[in-house]
Amino acid sequence: MQSNLMTDWEQLKAIVAFSLWGEEDVLDFLPTQLRWKKLYMLSESQTIQGLFIDAVNQLTHSPTMNEKSISIPDEDTVMDWHETLIKLQRRNTMMIKALKKMSKLFVDANIRYVVVKGQICAARWPQPLHRTPGDIDLMILPEDYDKAKRLFEEMGAKYIDGAEFKHITYELGDILWELHFTLHRFSQKKLQIKFDEWVNQSLMSPNFLTLNYGEGKTIDIAVMPPELELAYLLIHFVHHVVHEGCGMRQLIDFAVTFHSNFSNCNRKLFFQYISELQLTRAFRTVLRLCKKVLKMPLNGFTDSFSTLENKLAEKIELRMVTDGNFGQTTDWHKPNGLWGSFMYNLRSLRRELAFIPLWPKEELLFPWEVISRKF
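Residue numbering for the sequence shown follows the numbering used here, starting at 160 and increasing by one per position.
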């Protein structure tokens, strides 16, 4: 079973790389008979089923596939997949329309914010409306946070929950909205102060990104500058690796944003962020992972990786296979209440032991940060 899983994983990697970068040589080792349904199920666990279906649609018209006589999915399977794409497209379109409405309300109320992750990352995917969506994440300038909460409550939003010292979640219009007052909880206070300062400065004068949602319709969305967005996506991915469970979707989000943004970055400023946040090794390790899993072209950005960086990338890849997105393939569910919080933090502590070298001071101080947060 494990052997079949790893074989499917290697084939999924090749198919995804073909879709992302268009390089047909990654398909050379594909067998003539593929376990399409198993591959689709694996793509679901990684939350990239839309990208997978798009890749298969491309493959059916690829000369490489015809030359190698690679089997194609049966007609019923193709119809089911087509229905999945329609649902994804409708959901994403609905969320972008809601975001457009909310953005106008925020501007009218003089609420300073940026949109992070989700729809912003999707804009860099080959087919943005086919990225599997989650919720909508908004980072609000702390001094405008109460105004944002009142606005949601006046619109009839339902309070769902709150993550300690990070964000609260509302449900409005069949969409979950996360209103952040900080984007990440650091174990080291000095990193918290630096990062929050950088983010809040960006909220005072945000960049803008154009989102397309069909038939020539667009919306300009407030976003962080490219240097800070990349630093945050790196932090977010590392956090998922260690604590939440990570899948290909989070890695693809970082990879396509890096591929799109890095040429537009102030490189000196980006590396300043990475250095001051103690993320240099994590950055190089994730670049190695992007090359290893997604076959992302590095274009000479880095020539070699250390033995430790290679080993960490291998460990992360194995965790991606076994975890899936948000750990959905592990069958672990957080219990409710204080017991659930205790079990989550205990699980996080156990999981982080293998990844202390990835972000040493942060991981070693994690238990203390949890205790200080509680008391």
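In this text, a Cβ means the ideal position worked out from N, Cα and C, and glycines have one as well.
Per DSSP, the beta-bridge partners of residue 367 are 381.
A distance of 8 Å or more separates the beta carbons of residue 295 and residue 372. At the C-beta level, residue 359 and residue 301 come within 8 Å of one another.
In the structure shown, residue 376 adopts coil according to DSSP, grouped into three states.
Of the residues 290, 447, 274, the one whose Cα lies closest to the Cα of residue 362 is 274. Counting the other Cβ atoms within 10 Å of the Cβ of residue 312 gives fewer than 16, which makes it exposed. A residue is called buried once 16 or more other Cβ atoms fall within 10 Å of its Cβ, and residue 512, having fewer, is exposed.
Counting C-beta pairs with one atom in each stretch, the segment 372-383 and the segment 449-468 have fewer than three that are closer than 8 Å, which means they do not touch. Under the three-state reduction of DSSP, residue 450 is assigned to helix. Exposed is the label assigned to residue 268, since fewer than 16 other Cβ atoms lie within 10 Å of its Cβ. In terms of Cα proximity to residue 386, the closest of 263, 233, 434, 335 is 434.
Under the DSSP definition of a beta bridge, residue 273 partners with 298. The three-state secondary structure of residue 330, taken from DSSP, is strand.
Checking the DSSP bridge columns, you'll see residue 336 partnered with 295, 329. Between the beta-carbon of residue 390 and that of residue 432 there is about 4 Å, and that keeps the pair under the 8 Å contact cut.
In this structure, the alpha-carbon of residue 178 lies about 42 Å from that of residue 306. The alpha carbon of residue 333 has as its nearest neighbour, out of 346, 339, 319, 342, the alpha carbon of 319.
Each residue's CA atom was taken as its position, placing residue 202 and residue 369 some 28 Å apart. For residue 209, the enclosing alpha helix (DSSP H) covers residues 208-218. It is roughly 16 Å from the alpha-carbon of residue 467 to the alpha-carbon of residue 397. The Cβ atoms of residue 215 and residue 232 sit closer than 8 Å to each other. For residue 519, the enclosing alpha helix (DSSP H) covers residues 519-523.
With a beta-carbon spacing of about 7 Å, residue 289 and residue 210 fall inside the 8 Å limit used to define contacts. Under the three-state reduction of DSSP, residue 319 is assigned to strand. Residue burial annotation: residue 518 is buried, with at least 16 other C-beta atoms found within 10 angstroms of its C-beta.
Residue 172 has its alpha-carbon roughly 12 Å from the corresponding atom of residue 410.
Bounds of the alpha helix (DSSP H) holding residue 234 are 234-267. Note on geometry: alpha-carbon atoms of residue 366 and residue 420 lie some 13 Å from one another. CA-to-CA, the gap between residue 507 and residue 522 works out to about 10 Å. For residue 426, the enclosing alpha helix (DSSP H) stretches over residues 426-435. Boundaries of the alpha helix (DSSP H) harbouring residue 311: 304-313, taken from the DSSP string.
For residue 408, the enclosing alpha helix (DSSP H) has its first and last residue at 407-420.
Going by DSSP, residue 176 is part of the alpha helix (DSSP H) stretching over 161-180. Judged by DSSP in its simplified three-state form, residue 187 adopts coil rather than helix or strand. Burial is judged here by how many other beta carbons sit within 10 angstroms of a residue's own beta carbon; residue 266 has fewer than 16 and is exposed. Here residue 175 is near residue 453, since their CB atoms are less than 8 Å apart.
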